[in-house]
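Using numbering that gives the first Met the number 0, the letters of the sequence shown correspond one by one to residues 0 to 185.
Idealized CB from N, CA, C, for every residue including glycine.
Shown next, in structure tokens, is the structure this report addresses.
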Amino acid sequence: MLIKQNEGEDDDALIKKYIATGKSDYFEPLVERYEKYAYIYAFSLLNNEFDAQDVVAESFLKAFTKIKQYRLDSSFKNWFLKIVHNTCFDLLRKNKKMVYLDDLENGESLYKDDALCYNNIDALDFGEVQKSLDLLPHELKVVVILRYYYDWEYKTICEFLKIPMGTLSSRLNRACKKLKNYIKEG
Numbered sequence: 000m001l002i003k004q005n006e007g008e009d010d011d012a013l014i015k016k017y018i019a020t021g022k023s024d025y026f027e028p029l030v031e032r033y034e035k036y037a038y039i040y041a042f043s044l045l046n047n048e049f050d051a052q053d054v055v056a057e058s059f060l061k062a063f064t065k066i067k068q069y070r071l072d073s074s075f076k077n078w079f080l081k082i083v084h085n086t087c088f089d090l091l092r093k094n095k096k097m098v099y100l101d102d103l104e105n106g107e108s109l110y111k112d113d114a115l116c117y118n119n120i121d122a123l124d125f126g127e128v129q130k131s132l133d134l135l136p137h138e139l140k141v142v143v144i145l146r147y148y149y150d151w152e153y154k155t156i157c158e159f160l161k162i163p164m165g166t167l168s169s170r171l172n173r174a175c176k177k178l179k180n181y182i183k184e185g
């Protein structure tokens, strides 16, 4: 079985083999690697289990059909999560649930909680944190998730969202203030 043989290969090697052969068996390990992360990201943005599942499925289909647009030697994970991100926001726009924010003043950023880093994603308890995150506007929620759940660097988030560093800092600051207020209010 090809999947078991290819599970340990890096993303680019699998993508090269898929492009060369057209065999979906080379794409399946990528689905297995990123399905959980994509679902958590989509669910945290949409707050709906079925919409999140649909978005992940649609995003994998888009990635599968547009894989030749992926630049080898870049990060497949980031490229794929951008597809998930865009698919979520397409759904939000379609449902007219999107909230837009203007740039806000700069300020200090959120503290780093090791329990929320990308490598510890299996240990995350979304219960209380999710309730507070759900109260944030989407633009604030996205930056918190990318920075503190996925442990992305500021520069990566700015490139991913196509926003300037100051906008990212202000959104993180605004999110921090709002989350602190939500927690205080109980």
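Who are the Cβ neighbours of Leu45 in its own chain at under 8 Å, not counting the five residues just before and after it?
Locating residue 45 in the sequence shown gives position 46, where the first residue counts as 1. Within the same chain, Leu45 has close Cβ partners Ala51, Val54, Cys87, Leu90 and Leu91.
Count the other C-beta atoms from every protein chain shown that fall within 10 angstroms of the C-beta of Pro28, then say buried if there are 16 or more, exposed otherwise.
In the sequence shown, the residue the question calls residue 28 occupies position 29. With 16 or more Cβ atoms within 10 Å of its Cβ, Pro28 is classed as buried.
Inspect the beta-carbon positions of Leu80 and Tyr17 and report whether they are closer than 9 Å.
Looking up residue 80 in the sequence shown gives position 81. Looking up residue 17 in the sequence shown gives position 18. Result no, Cβ atoms of Leu80 and Tyr17 do not sit closer than 9 Å.
Can you tell me whether Ile182 is buried or exposed, with buried defined as 16 or more other CB within 10 angstroms of its CB?
Residue 182 sits at position 183 when you count from the first residue of the sequence shown. With fewer than 16 other Cβ atoms within 10 Å, it is exposed.
May I have the straight-line CA-CA distance separating Glu8 from Ile14, to the nearest angstrom?
For the purposes of this step, residue 8 is taken as the residue at position 9 of the sequence shown. For the purposes of this step, residue 14 is taken as the residue at position 15 of the sequence shown. Rounded to the nearest angstrom, the two C-alpha atoms are 10 Å apart.
Taking Cβ to Cβ, would you say Lys167 is nearer than 9 Å to Cys157?
The count along the sequence shown starts at 1 and reaches residue 167 at position 168. The count along the sequence shown starts at 1 and reaches residue 157 at position 158. The sequence given here places Leu at residue 167; Lys does not occur at that position. In contact: Leu167 and Cys157 (Cβ atoms closer than 9 Å).
Whole angstroms is fine: what's the gap from Ala19's alpha carbon to Asn77's?
Your numbering for residue 19 matches position 20 in the sequence shown. Your numbering for residue 77 matches position 78 in the sequence shown. When rounded, the distance between both Cα atoms is 22 Å.
With 16 as the cutoff for other CB atoms within 10 Å, does Lys35 come out buried or exposed?
As a working note, residue 35 is residue 36 in the sequence shown. That one is exposed.
What separation, rounded to the nearest whole angstrom, lies between the Cα atoms of Lys177 and Ser58?
Here residue 177 is taken as the residue at index 178 of the sequence shown, counted from 1. Here residue 58 is taken as the residue at index 59 of the sequence shown, counted from 1. Using only the alpha carbons, I get a separation of about 31 Å.
What's the call for Asp10, buried or exposed, on a 16-neighbour Cβ count within 10 Å?
Taking the first residue of the sequence shown as 1, we reach residue 10 at position 11. That one is buried.
Using a 10 Å radius around the Cβ and a threshold of 16 neighbouring Cβ atoms, would you call Arg70 buried or exposed?
Here residue 70 is taken as the residue at index 71 of the sequence shown, counted from 1. Arg70 should be labelled exposed.
Less than 9 Å separating the beta-carbons of Arg170 and Leu139?
For the purposes of this step, residue 170 is identified with residue 171 of the sequence shown, where counting begins at 1. For the purposes of this step, residue 139 is identified with residue 140 of the sequence shown, where counting begins at 1. Taking 9 Å as the Cβ cut-off, Arg170 and Leu139 qualify as a contacting pair.
Assuming contact is defined by CB atoms lying nearer than 9 Å, are Ile82 and Ala56 in contact in what I supplied?
As a working note, residue 82 is residue 83 in the sequence shown. As a working note, residue 56 is residue 57 in the sequence shown. The answer is no: Cβ separation not under 9 Å.
Given this structure, state the Cα-to-Cα distance separating Leu160 from Gly21, to the nearest angstrom.
By 1-based counting over the sequence shown, the position of residue 160 is 161. By 1-based counting over the sequence shown, the position of residue 21 is 22. Approximately 31 Å between the Cα atoms of the pair.
Is Tyr33 near Ile144, with beta carbons less than 9 Å apart?
As a working note, residue 33 is residue 34 in the sequence shown. As a working note, residue 144 is residue 145 in the sequence shown. Going by C-beta atoms, Tyr33 is not nearer than 9 Å to Ile144.
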